Amino acid sequence: MKHNKLQDVLLVLPGYLVYTVFMIIPLGLCFFYSFTNWDGISKNYKMIGFRNFERLFQDASFFNALKVTLIITVITVLIYNVLGVLLAVVLNRKNRVCAFAKSAIFVPTVLSSVVVAFIWSYIMQTDGGVINTILGIFGIPPVDFYDSPTHTIVMISIIISWNGLGLFLVIYMATLNTIPPELMEAAEVDGANSVQRFFKITLPLMMPGITINSVLSLAGGLKQYDHVKVITGGGPGGATQTITLLSVEKAFSYNRRGYSSAIILVLFILIVIVSVIQISITKKREVEY
Amino acid sequence: MSTVAVSNAKRQKIVKRRIGNFLIVFFALVYLIPLYIAVSNSFKDYWDVIKSPLSLPTAPTMENYKEAFHSSNILSLYGTSILITVTSVALLVLITSTAAYIIIRRNNKLCKLLYGFALIGIMVPPVVTLVPSIKTLSMLGLMYTPWGLLMFYGGAYFSTTIFLYTGFINSIPVTLDESAYIDGANTFTVFFRIIFPLLKPCTATAVILMGMWIWNDFLNPMYILGSTAGKTITLGIYNSIGAYTSKWNLVFANVVLASFPIVILYLCMQKQFMTGLTAGAVKG
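Each protein sequence line maps, in turn, to chains V and U. Quick note: the first sequence uses my numbering, first residue 1, plus one each step. Quick note: the second sequence uses my numbering, first residue 1, plus one each step.
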């Protein structure tokens with residue numbers, strides 16, 4: 001069939017123009033800057049080869065940021081996906097109790113990360129915070145969530161999970177709905193108990209949802225910025241900085257745009273590698289029925 | 001004997017279900033505690049928050065809201081956020097749905113190439129392009145303007161949105177548009193009159209997902225809008241709360257003012273949120 005070429009072009013071009021100018025070119029520039037000593041202001045900068053990357057791998061603050069980012073990613077991915085799958089299975093009934101719980105868990109998802117971080121920084125205060133007030137009622141001595149960076153990061157990971165769980169739950173529940181009920185009934189007739197049904201039927205058939213959710217949660221964890229920025233600002237002394245926080249600080253507070261680009265490039269490569277590995281693992285486990 | 005056994009088993013099942021329901025409701029209520037804390041403390045005065053953070057306000061006051069409303073200039077923050085979110089989402093839906101349609105339906109070498117090209121950005125988090133975008137946006141005179149942020153989002157979420165649309169268009173039978181072409185309709189008419197309305201579930205997914213991400217975004221507006229081009233609600237709240245430090249009663253009033261419309265929107269459109277989020281993403 002003949003189609004009007006001009007109309008085709010008019011439909012495709014605007015999108016690709018925006019995409020090229022505001023995504024592809026900046027992406028290319030990020031690669032380019034990471035090999036320069038650009039400071040963001042001066043017109044003159046020069047190519048310095050791999051020096052930014054050499055410096056990066058001797059930079060203790062980078063390795064600390066990498067550690068912090070990985071802790072946050074591991075904890076949030078586990079909570080989102082393990083708790084997400086379990087809650088989806090538990091709440092997969094059509095009654096008011098389940099509907100209420102589903103909406104309740106989804107409410108924080110629509111809140112901005114800044115709002116969530118402010119509420120929780122009040123709750124986790126050492127003096128007069130809600131957690132410690134409640135612990136005090138039971139005679140338990142107050143917990144200091146800021147006594148070590150690891151403590152703080154674990155707590156922040158839980159806060160991030162509280163904020164985002166709803167989205168993952170909804171995607172898992174939608175995936176559950178695609179499983180034909182006859183399969184479950186047949187397994188029940190064949191004498192499979194509920195644990196067997198979960199591991200042999202539900203979980204394998206939920207793989208498409210698990211693929212989407214683990215990619216979303218991994219990328220979300222690796223690029224974490226907002227909650228940490230509001231709750232600790234990356235402190236004390238950069239101890240709770242994530243990779244994104246470190247790179248933004250280098251770019252805008254120290255005007256080391258070249259070095260900052262190198263940090264962000266490493267993050268990007270990390271996300272690509274992790275996602276590719278992750279997709280190839282879960283895709284293999286997806287089953288047809 | 002047997003009837004007793006049956007009714008026992010039945011009773012056991014009912015008790016089990018009751019305990020299950022109780023645990024579910026308990027979990028949901030615990031999940032909502034942080035929101036209860038924020039809302040209840042926003043109606044207390046400073047000392048009441050310190051003395052009894054967990055109780056309901058004994059003498060509810062609107063003072064915090066009055067002060068927050070004036071000092072944070074909430075209405076103008078909302079204006080900026082609504083303008084940026086609505087224009088960005090509309091731009092994304094328009095440019096990706098049209099491009100996705102041609103790429104999927106024409107199915108030639110160039111289109112396959114364009115499809116692959118579009119997917120490059122899918123794993124690029126917006127923060128990767130933030131620093132270099134400051135350079136490109138300045139060159140185009142868009143830096144420190146809402147339009148700059150709009151174009152930034154257009155680039156940043158192009159891949160994700162076109163990915164949603166291409167998947168969805170693939171599931172619409174080609175015969176539908178072919179018969180329209182035979183009737184003499186041109187590509188524009190076929191797309192906007194026939195195909196676009198059919199994309200509604202996918203558009204809903206895109207609107208909700210992008211709308212939520214853009215509305216709640218913090219890092220990108222902070223640097224692209226700067227201090228002159230107005231502030232989004234997230235950014236404005238961050239700045240004004242930063243100034244209060246420990247006046248939690250005011251912090252919570254700000255928090256509630258910033259979240260109230262989006263929570264109401266969600267509660268009114270829950271069904272659309274839940275189904276919309278997944279209709280375009282999960283095969284059903």
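Glycine included, C-beta positions come from ideal geometry on N, C-alpha and C. Just so you know, these numbers come straight off a predicted model, no measurement behind them.
Query, Result
"In angstroms, rounded to a whole number, what distance separates the CA positions of A65/V and F32/V?", "23 Å"
"From L205/V to I179/V, what does the alpha carbon distance come to, in whole angstroms?", "7 Å"
"For M47/V, does the count of other Cβ atoms within 10 angstroms reach 16, so buried, or fall short, so exposed?", "exposed"
"Pull up the CB-CB distance for F22/V and S133/U, whole angstroms please, since I reckon it's below 8 Å.", "7 Å"
"Could you name the residues that DSSP lists as bridge partners for T36/V?", "M47/V"
"When the Cα atoms are used, what is the spatial distance from G284/U to Y146/V?", "Any answer about G284/U is weak, because its pLDDT of 36 lies below 50 and its placement is not dependable; what the coordinates show is given next. Near 46 Å, if we compare the C-alpha coordinates of Y146/V and G284/U."
"Under 8 Å: do the segment 75-83 of chain V and the segment 211-218 of chain V share three or more Cβ pairs, one atom per stretch?", "yes"
"Can you list the residues of chain V that T136/U reaches, using a CB-CB cut of under 9 Å?", "V21, F22, I25, P26 and L29"
"At the level of alpha carbons, what is the spacing between Q241/V and L6/V?", "51 Å"
"Where do the ends of the alpha helix (DSSP H) carrying R96/V lie?", "R96 to V110"
"Would you say I281/V lies against chain U (beta-carbon separation less than 8 Å)?", "no"
"Quick one: is I241/U near chain V, going by C-beta distance under 8 Å?", "yes"
"Quick one: using the 10 Å Cβ neighbour count with 16 as the cut-off for buried, is L222/V buried or exposed?", "buried"
"Using the Cα positions of S138/U and L27/V, report the straight-line distance between them to the nearest angstrom.", "16 Å"
"Which of the three DSSP states is assigned to E178/U in this structure?", "helix"
"Just the Cα atoms here: how many angstroms apart are F168/U and P149/V?", "45 Å"
"Specify the secondary structure class of Q241/V as computed by DSSP and reduced to three states.", "coil"
"With distances taken from CA atoms, which of V12/V, T133/V and L165/V is nearest A88/V?", "L165/V"
"With respect to the alpha helix (DSSP H) encompassing H70/U, which residues constitute its N-terminal and C-terminal limits?", "E63 to S72"
"Taking only the alpha-carbon atoms, compute the straight-line gap between I24/V and I271/V and give it to the nearest angstrom.", "17 Å"
"Can you check whether the CB of I214/U is closer than 8 Å to the CB of T85/U?", "yes"
"With a CB to CB cut of under 6 Å and the five nearest residues on each side skipped, what residues in its chain are close to A255/U?", "Looking at the sequence itself, residue 255/U is Val, so the reference to Ala does not match. Cβ within range, chain order: A38."
"DSSP on P221/U, reduced to helix/strand/coil?", "helix"
"Taking the alpha-carbon positions, what's the G49/V to R55/V distance?", "11 Å"
"Note down, in chain order, each residue of its chain lying with its Cβ closer than 6 Å to the Cβ of A258/U, except the 5 sequence neighbours on either side.", "I233 and I237"
"In whole angstroms, what separates the C-alpha of G191/V from that of L135/V?", "46 Å"
"With a threshold of 16 other CB atoms inside 10 Å of the CB of C268/U, please say whether the residue is buried or exposed.", "exposed"
"I need the DSSP call for F199/V, collapsed to helix, strand or coil.", "helix"
"8 Å is my cut-off, CB to CB: does Q7/V come that close to chain U?", "yes"
"Ordered along the chain, which non-local residues of its own chain (more than five positions away) have a Cβ less than 6 Å from that of G84/V?", "F168, L169 and Y172"
"By a C-beta neighbour count over all protein chains shown, 10 Å radius and 16 as the cutoff for buried, is M1/U buried or exposed?", "Note that M1/U scores 49 on pLDDT, short of 50, meaning its location in the model is unreliable; the coordinates nonetheless yield the value given after this. Its Cβ having fewer than 16 others within 10 Å, M1/U is exposed."
"Check whether the segment 39-46 of chain V and the segment 252-261 of chain V touch, using three or more Cβ-Cβ pairs below 8 Å as the test.", "yes"
"Answer with buried or exposed for Y19/V, where buried requires no fewer than 16 other C-beta atoms within 10 angstroms of its C-beta.", "buried"
"So for H3/V, helix, strand or coil by DSSP?", "coil"
"Please report how far the alpha carbon of V228/V lies from the alpha carbon of V114/V, in whole angstroms.", "10 Å"
"By DSSP, does T145/U sit in helix, in strand, or in coil?", "coil"
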